[in-house]
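> Got a structure here, written out as structure tokens. Questions coming.
Numbering (the numbering used here), first residue to last: 14 to 152.
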């Protein structure tokens, strides 16, 4: 298990870079943590590190956003907080995104746990203090 400390918001890009640099061949990341733990904020930092040119935000109402990088690659950001049935993931073409070979960042992955492939990297964000977080990464 890899543990990455995020002492405050100003260091979140460094933590995102460490995650990407440590796991250069991984593309599917599932983010766990309570509401307010910083999942969306971390995904925004990952998008900055990966040079996304689009505006990033939480796809809570649309389930998925696609971002483009400077290299014209796609990054897919899922937020399954509001999903009620597994079929909703199938309806948006979840499998095509996951099988695309592009980065896939998944918030609230417990809602689609049976659909996550074995190579998924599990990232558990925990609140340690006011602005401090710990990222526990399981490969």
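Even glycine gets a Cβ: it sits at the ideal position worked out from N, Cα and C.
Taking residue 141 as the reference, which of 47, 92, 27 has the closest Cα?
For the purposes of this step, residue 141 is taken as residue 128 along the chain shown, with counting starting at 1. Here the closest residue by C-alpha is 47.
> Taking the alpha-carbon positions, what's the residue 26 to residue 58 distance?
Working through the chain shown from its first residue, we reach residue 26 at position 13. Working through the chain shown from its first residue, we reach residue 58 at position 45. When rounded, the distance between both Cα atoms is 5 Å.
> Under 8 Å, do residue 116 and residue 89 count as touching if we go by C-beta distance?
Here residue 116 refers to the residue found at position 103 when the chain shown is read from its first residue. Here residue 89 refers to the residue found at position 76 when the chain shown is read from its first residue. Yes, the Cβ-Cβ distance between residue 116 and residue 89 is below 8 Å.
> Quick one, are the C-beta atoms of residue 60 and residue 69 less than 8 Å apart?
Sequence index remark: in the chain shown, residue 60 carries index 47 (1-based). Sequence index remark: in the chain shown, residue 69 carries index 56 (1-based). Result yes, Cβ atoms of residue 60 and residue 69 sit closer than 8 Å.
> Give the list of continuous alpha helix (DSSP H) stretches no shorter than 4 residues that lie fully inside the stretch 56–137.
Within the stretch 56–137, the complete alpha helix (DSSP H) runs of at least 4 residues are 99–104, 107–111.
> Our contact map puts residue 65 next to residue 30 with C-beta atoms below 8 Å; I'd like the distance itself, whole angstroms only.
Position 52 of the chain shown, counted from the start, is the residue given in the question as residue 65. Position 17 of the chain shown, counted from the start, is the residue given in the question as residue 30. Rounded, the Cβ-Cβ distance is 14 Å, inconsistent with contact.
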